[in-house]
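Trainee: This is the structure I want to talk about, given as structure tokens.
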Amino acid sequence: MKESLKFNNETKTSHEGLSELRAETQDRAAETIKNRVENESSPAEKSEAEAREQLEKVIEKAESEEVKQEKKQPAKAERIITKEDRKDSFKKTMEIVQSQLPKSSRTFSKVIHNPTVEKVSEVTGKTIARPNAILSGSVVAFVLTLAIYTLAKINGYPLSGFETIAAFIIGWIAGMLFDYIRIGIKGSSS
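Residue 28 in full-length UniProt numbering sits at position 28 of the sequence shown, with consecutive numbering throughout.
Right under this line is the structure:
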């Protein structure tokens with residue numbers, strides 16, 4: 001006379017859910033053994049030790065099935081996103097977006113999103129083309145060029161055209177120094 005335990009198909013991922021399932025399984029196993037003992041023709045034949053052994057076997061079987069169910073269904077939060085997953089996701093997204101662009105924009109997008117061009121752009125953006133450096137270079141170039149042009153016009157000196165480039169370089173250096181000092185004091189923001 002075999003009786004099988006019916007498990008709830010719902011998977012419970014929390015420890016409380018597993019504890020409840022274990023308690024239910026133990027209760028069912030105890031009831032099953034109790035029913036077997038009552039249905040036997042001679043209750044004296046089954047001793048209490050045999051009943052405990054059967055109960056332990058049923059509980060072990062239930063626990064092993066619980067472990068199997070946990071292994072079959074990995075938790076979603078435990079999945080680690082790898083670098084290849086991110087690359088594949090980026091590539092698929094770019095293909096979808098580029099397919100919706102006009103042909104000229106699509107070609108331009110493919111050029112600027114080429115991995116080599118992106119790496120060069122990132123390195124340049126982190127070193128020589130910093131926003132503060134370019135902004136300060138532009139402002140200093142405007143102010144110094146305006147001052148030099150005004151003085152040259154008043155005093156009658158000719159300009160060579162290098163004044164704007166030199167003023168931009170001076171402002172760019174000042175902006176880079178400001179950035180590095182700020183990062184040294186506050187720390188990197190990114």
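In this text, a Cβ means the ideal position worked out from N, Cα and C, and glycines have one as well.
Under 8 Å, with one C-beta from each stretch per pair, do the region 129-137 and the region 168-181 reach the 3-pair mark?
Mentor: Yes, the region 129-137 is in contact with the region 168-181.
Trainee: Using DSSP with H/G/I as helix, E/B as strand and the rest coil, what is alanine 174?
Mentor: Here the question's residue 174 lines up with position 174 in the sequence shown. Three-state DSSP puts alanine 174 in a helix.
Trainee: Expressed to the nearest angstrom, what Euclidean distance is found between the alpha-carbon atoms of alanine 152 and isoleucine 128?
Mentor: Here residue 152 refers to the residue found at position 152 when the sequence shown is read from its first residue. Here residue 128 refers to the residue found at position 128 when the sequence shown is read from its first residue. Answer to the nearest angstrom: the Cα atoms are 31 Å apart.
Trainee: To the nearest angstrom, how far is the alpha carbon of serine 99 from that of threonine 107?
Mentor: Locating residue 99 in the sequence shown gives position 99, where the first residue counts as 1. Locating residue 107 in the sequence shown gives position 107, where the first residue counts as 1. The alpha-carbon atoms of serine 99 and threonine 107 are separated by roughly 11 Å.
Trainee: Report the residue from Leu21, Arg182, Ile148 and Leu146 whose alpha carbon sits nearest the alpha carbon of serine 64.
Mentor: The residue labelled residue 64 in the question sits at position 64 within the sequence shown. Nearest of Leu21, Arg182, Ile148 and Leu146 to serine 64, Cα basis: Leu21.
Trainee: Looking only at its own chain, which residues have a Cβ that is under 6 Å from the Cβ of serine 41, when we skip the five neighbours before and after it?
Mentor: One-based indexing of the sequence shown puts residue 41 at position 41. Here serine 41 scores only 48 on pLDDT, less than 50, and its place in the model is too uncertain to base an answer on.
Trainee: Have a look at arginine 52 and glutamate 24 and give me their C-alpha separation to the nearest angstrom.
Mentor: Position 52 of the sequence shown, counting from 1, holds the residue named residue 52. Position 24 of the sequence shown, counting from 1, holds the residue named residue 24. Going by the C-alpha atoms only, they are around 17 Å apart.
Trainee: Express the C-alpha separation of lysine 83 and proline 115 in angstroms, rounding to a whole number.
Mentor: Start at 1 with the first residue of the sequence shown, and residue 115 comes out as number 115. Start at 1 with the first residue of the sequence shown, and residue 83 comes out as number 83. Approximately 14 Å, taken between the alpha carbons.
Trainee: Excluding five sequence neighbours on each side, which residues of the same chain lie with their C-beta closer than 8 Å to the C-beta of phenylalanine 33?
Mentor: Here residue 33 refers to the residue found at position 33 of the sequence shown. Checking the sequence, you will find isoleucine at residue 33 rather than phenylalanine. If we look at isoleucine 33 and ignore the five residues flanking it on each side, its Cβ neighbours are Ala51, Gln54, Leu55 and Val58.
Trainee: Starting from the Cα of lysine 126, find the closest Cα among Lys61, Tyr180 and Lys186 and give me that residue.
Mentor: In the sequence shown, residue 126 corresponds to position 126, counting from 1. Of the candidates Lys61, Tyr180 and Lys186, the one whose C-alpha sits nearest the C-alpha of lysine 126 is Tyr180.
Trainee: Use the C-beta contact count for phenylalanine 168: other C-beta atoms within 10 angstroms, 16 or more gives buried, fewer gives exposed.
Mentor: Working through the sequence shown from its first residue, we reach residue 168 at position 168. Buried, by the Cβ-count rule.
Trainee: Excluding sequence positions up to five away, which residues of its chain have a Cβ less than 7 Å from the Cβ of arginine 182?
Mentor: Numbered from 1 along the sequence shown, position 182 holds the residue referred to as residue 182. No residues qualify anywhere along the chain.
Trainee: Considering only C-alpha positions, which residue in the set Ala166, Ile165 and Ile148 is nearest to proline 158?
Mentor: Residue 158 sits at position 158 when you count from the first residue of the sequence shown. The candidate whose alpha carbon is nearest that of proline 158 is Ile148.
Trainee: Any idea if serine 19 is buried or exposed, counting beta-carbon neighbours within 10 angstroms, 16 or more meaning buried?
Mentor: Numbered from its first residue, the sequence shown carries residue 19 at position 19. By the 10 Å Cβ count, serine 19 comes out exposed.
Trainee: Compute the distance between the beta-carbons of alanine 141 and threonine 124, then report whether it is under 7 Å.
Mentor: Translated into positions along the sequence shown, residue 141 becomes position 141. Translated into positions along the sequence shown, residue 124 becomes position 124. Against a cut-off of 7 Å, the Cβ pair of threonine 124 and alanine 141 comes out as no contact.
Trainee: Under the three-state reduction of DSSP, which class applies to leucine 101: helix, strand or coil?
Mentor: On the sequence shown, residue 101 is found 101 positions in, with the first residue counted as 1. Here leucine 101 sits in coil by DSSP.
Trainee: Can you tell me which of the three DSSP states tyrosine 180 falls into?
Mentor: Here residue 180 refers to the residue found at position 180 of the sequence shown. Looking at tyrosine 180 - three-state DSSP - the assignment turns out to be helix.
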